[in-house]
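Letter by letter, the first sequence follows residues 3 to 572 of the numbering used here. So the structure is just underneath, and the comments pick up after that.
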Amino acid sequence: MRWTQALIPTLKETPAEAEILSHKLLLRAGLVRKLTGGLYTFLPLGLRALRKVEQIVREEMDRAGALEVLMPALQPPEIWQQSGRYETAQAVFFKARDRAKKEWILGPTHEEVITTLVAGELSSYRQLPKNFYQIQTKFRDEIRPRFGLMRAKEFIMKDAYSFDATEEGAQTSYKKMYDAYTRIFQRCGLKAMAVEADTGVMGGKFSHEFMVPAETGENEVVYCDGCNYAANIEKATSRHMMHADTGDKELPIEKFATPGVTTINALTKAPYTIAAHQQIKTLVYIVNDKPVLILLRGDHQLNEAKLTGVLGTATFRPATPDEIVDVLKAKPGSLGAVGVKDIPVYADEVLRGASAMTTGANEDGFHLRNVALGRDIHPAHWADLRTTQIGEACSNCGKPLKIQRAIEVGHVFKLGTKYSKALNALFVDEKSEQHPAIMGCYGIGVTRTLQAVIEQCNDKDGIVWPISVAPYTVCITPLTVAKDSTVMQLAEKIYNELSARGIDVIMDDRDERPGMKFKDSELVGFPIRIGIGEKSLAKGEVEIKPRGGALIPVKPDQAIEKVIELIKAG
RNA sequence: CGGGACGUAGCGUAGCUUGGUAGCGCGCUUGCUUGGGGUGCAAGAGGUCGUGAGUUCAAAUCUCACCGUCCCGACCA
3 MRWTQALIPT LKETPAEAEI LSHKLLLRAG LVRKLTGGLY TFLPLGLRAL
53 RKVEQIVREE MDRAGALEVL MPALQPPEIW QQSGRYETAQ AVFFKARDRA
103 KKEWILGPTH EEVITTLVAG ELSSYRQLPK NFYQIQTKFR DEIRPRFGLM
153 RAKEFIMKDA YSFDATEEGA QTSYKKMYDA YTRIFQRCGL KAMAVEADTG
203 VMGGKFSHEF MVPAETGENE VVYCDGCNYA ANIEKATSRH MMHADTGDKE
253 LPIEKFATPG VTTINALTKA PYTIAAHQQI KTLVYIVNDK PVLILLRGDH
303 QLNEAKLTGV LGTATFRPAT PDEIVDVLKA KPGSLGAVGV KDIPVYADEV
353 LRGASAMTTG ANEDGFHLRN VALGRDIHPA HWADLRTTQI GEACSNCGKP
403 LKIQRAIEVG HVFKLGTKYS KALNALFVDE KSEQHPAIMG CYGIGVTRTL
453 QAVIEQCNDK DGIVWPISVA PYTVCITPLT VAKDSTVMQL AEKIYNELSA
503 RGIDVIMDDR DERPGMKFKD SELVGFPIRI GIGEKSLAKG EVEIKPRGGA
553 LIPVKPDQAI EKVIELIKAG
């Protein structure tokens, strides 16, 4: 490709719409342009990089034995009704109507479609296992699209679905995808980590997210340097350490006035000076229209993802102040579980056996001290409900846990038989007995992965593409572009030879000043630049400059060889 | 959906408080100049000031509504 023939609209200044670095670079390097919020056009260079990511994904999926298909993006609502997700997925649907006013759904995901296909095509254990994948545009009415390609209304996803006859087979399928994902992100030049992920109401332990550490990520990962433990904060646990000093267990409850005190923090201050970890935080939630109390240590935060798992439902919300008064006869700030009957109480494990605690008295302006769990409060349910905090002890090895923000680029998930049952994806085993296939689903955000690469691979001058996903591997930069110049003639020769060897090469044949061409090549981030100018040529040299590395002068007839050597070295 | 910020040429912005000819930088066009790190000079083109209503002799500027963009949040009492 010749630069003058291409469209590479680099920008010196950053458009105001971009906040995070990778988004700025996507725009400045001329890779994408926004149509409107959450919708982007891929320009030629951006598309080339995207295609390279796709190809890596495709090669690794094929290698893992998955079969590529292409399903319709437009889906009939009936299959969603059949799976039982029509209502719950309502919020993410983009819908369309045909001329007969019939409703259609722009697919946010494809469990229903693939399971319908399999229900019709596979009927024997002899045909299993099977794993189908596609690389396709997904549509989701996101609450808040942001950060360019990071969270968009329309994005490209690789989604795969495995079907197995046995549990062991399903685990093997899962492991194959896990391994394939590890290779995919490696090949894309990403430092990604697999972390345990929340499985929500589905339960089970088989879900991992692939996370790219980045401060701009929307997720938090809890991890341990001492062992391999890593988990999404929604799922992460820590050792249940009760604070050492729980005081005298025998002291009777005492009510005391706390006028105007409505927060944990206010109670830690004079004249009360009750440490947050000596307080019980009492939350009121409405679960399926009924109130429940949730107790946590004062310095801990509720983890709603864990609560979902414990309750077995996601239909809950914090109670409104009015509802709270209705239930406990006191306003928020003076709530407690002492003496509460008829309302289910869920308590975090950390509180088990705690005594000498302080909690609200269910009377505005009053608290209770010397409260002992088990004596004064009798929770019906104990569970891990708190959000793991930095520095807590690792459940495996006891070392202090760390927390890192990260971008979720992939998710592998063992589904079970939810969809195969609902959509009749049944097979017969060797005894002629019918069973629903055991499913797994596996997603990679392809467009998000592309942006994650940029987020991770850059310096002050621009993008630093890994060779594997760079839009062009080599950029030839002749500093004189007159056709009859020796500089340009040599540039043409090298360009033709590299092209003939199948290397993606772009020639910056613009009649621009050297400084501008250098800046642009670095902003876009081509892995290897070959600078050819009269000054170096006079010394019998051309300049090979790996992006982010030191300049390597070589003789013109050694340039091709050196470039190939650099590409092989990665 | 709630909160906040913003909307002026392709991009970045000034002007708005205190209403009166819409300005600058980048980019673009033309000419000269320069030619190894975003040259210099000169001349140009390019604007429904987001949209609509209102106030006014007069609105980019004041008022209201709507649309759009970006950020934070959707929860802990």
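Ideal Cβ positions, reconstructed from N, Cα and C, are used throughout, including at glycine.
Chain-order list of residues whose beta-carbon lies under 8 Å from that of residue i (same chain, five-residue window excluded)
i    : result
E105 : P79, K97, A98 and R99
A382 : P346, V347 and Y348
M73  : G109, H112, V115, I116, L119, Q136 and Q138
Straight-line gap, residue i to residue j (C-alpha atoms, nearest Å)
i    : j    : result
G418 : R388 : 28 Å
L295 : Y287 : 6 Å
D567 : V34  : With the sequence shown as reference, residue 567 is identified as Glu, and Asp is not the correct amino acid for it. Their backbone Cα atoms lie some 31 Å apart in a straight line.
K271 : K331 : 26 Å
K462 : G527 : 11 Å
G205 : V347 : Caution is warranted here: a pLDDT of 49 is assigned to G205, below 50, making its placement in the model unreliable, and the coordinate value is therefore given only provisionally. About 22 Å.
N133 : A68  : 5 Å
V224 : M213 : 11 Å
T264 : P334 : 7 Å
K521 : E236 : 43 Å
C396 : A259 : 39 Å
G551 : L525 : 15 Å
M518 : T479 : 11 Å
A321 : E156 : 34 Å
K283 : E56  : 48 Å
P131 : Y180 : 16 Å
L124 : R87  : 23 Å
R53  : E435 : 44 Å
V476 : P548 : 9 Å
I81  : A121 : 12 Å
P293 : I405 : 33 Å
P529 : W467 : 6 Å
A268 : I255 : 21 Å
Nearest candidate by alpha-carbon position, reference residue i, set the options
i    : options                   : result
E198 : C477, G445, T239 and Q84  : T239
S357 : V347, V340 and D344       : V340
P323 : H302, A349, L297 and D366 : D366
L29  : P11, D227, G447 and L41   : P11
L297 : A232, W384 and D166       : W384
T218 : G150, I276 and S175       : G150
P555 : I534, A571 and R549       : I534
L76  : N364, R241, I107 and R549 : I107
Q458 : Q281, E19 and H25         : H25
L41  : G262, K485, M509 and F141 : F141
L253 : D200, L375 and D227       : L375
L285 : N364, L192 and R189       : N364
I569 : R503, L313 and D200       : R503
Burial state of residue i (16 or more Cβ within 10 Å)
i    : result
P17  : exposed
I145 : exposed
H369 : buried
L13  : exposed
H380 : exposed
N234 : buried
N305 : buried
N230 : exposed
T317 : exposed
G311 : buried
K178 : buried
R450 : buried
C399 : exposed
Q303 : exposed
R128 : exposed
A571 : exposed
6 Å CB neighbourhood of residue i in its chain, flanking five on each side removed
i    : result
H413 : E211 and G445
R512 : W5 and T6
L553 : E545 and K547
G48  : L33 and V34
Identified DSSP bridge partners for residue i
i    : result
Q129 : In the DSSP output, where bridge partners are listed per residue, Q129 has none listed.
Q77  : I107
T482 : Answer by DSSP bridge pairing: none, since T482 is not bridged.
I379 : L375
Y2   : Any answer about residue 2 is impossible in this case: the structure gives the chain only from 3 up to 572.
G445 : D161 and H413
Chain-order list of residues whose beta-carbon lies under 7 Å from that of residue i (same chain, five-residue window excluded)
i    : result
P438 : T419, S422, K423, A427 and L428
S126 : F429 and V430
I266 : A278, Q281, K283 and G300
Y176 : F208, V414, K416 and G442
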